[in-house]
């Protein structure tokens, strides 16, 4: 018997991740800071230097985990 496979969930997840990435960049931009993604780690560039924000545990929820951390940092 064949397994059912739906790409709708995968497409939805990918779309949500892109939305979380954009939301992260928008929040950081409001404070004149920038995000840098390098080797699976997110860095926050502020006027006083660069700090590690998060090294997300799951690639599928990479930007969601980052978004939660960014919200905490900026209290939004």
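In my numbering, the protein residues as written are 3 to 78.
Each residue gets a CB set at the ideal place from its N, CA and C atoms; glycine is no exception.
No experiment lies behind these values; they were computed from the predicted model shown.
Tell me which residues share the same chain as residue 58 and place their Cβ nearer than 7 Å to its Cβ, disregarding the 5 neighbours each side in the sequence. Along the chain shown, one-based indexing puts residue 58 at 56. Contacts found: 64, 67 and 68.
Pull up the distance between the alpha-carbon of residue 55 and that of residue 19, whole angstroms please. The residue you call residue 55 lines up with position 53 of the chain shown. The residue you call residue 19 lines up with position 17 of the chain shown. Straight-line Cα distance between these residues: approximately 17 Å.
Sort 61, 62 and 47 by Cα distance to residue 27 and report the nearest one. What you label residue 27 is simply residue 25 of the chain shown in a count that begins at 1. Measuring from the Cα of residue 27, the nearest candidate turns out to be 47.
Does DSSP put residue 78 in a helix, a strand or coil? Mapped onto the chain shown, residue 78 falls at position 76. Residue state, collapsed to three classes: coil.
Simplified DSSP state of residue 48, which is helix, strand or coil: What you label residue 48 is simply residue 46 of the chain shown in a count that begins at 1. Residue 48: strand per DSSP, three-state reduction.
Kindly give me the distance between the Cβ atoms of residue 78 and residue 44, rounded to whole angstroms, as I take these residues to be in contact under 8 Å. Stepping through the chain shown from its first residue, residue 78 is reached at position 76. Stepping through the chain shown from its first residue, residue 44 is reached at position 42. With 8 Å as the limit, residue 78 and residue 44 do not qualify as a contact, their Cβ atoms being about 16 Å apart.
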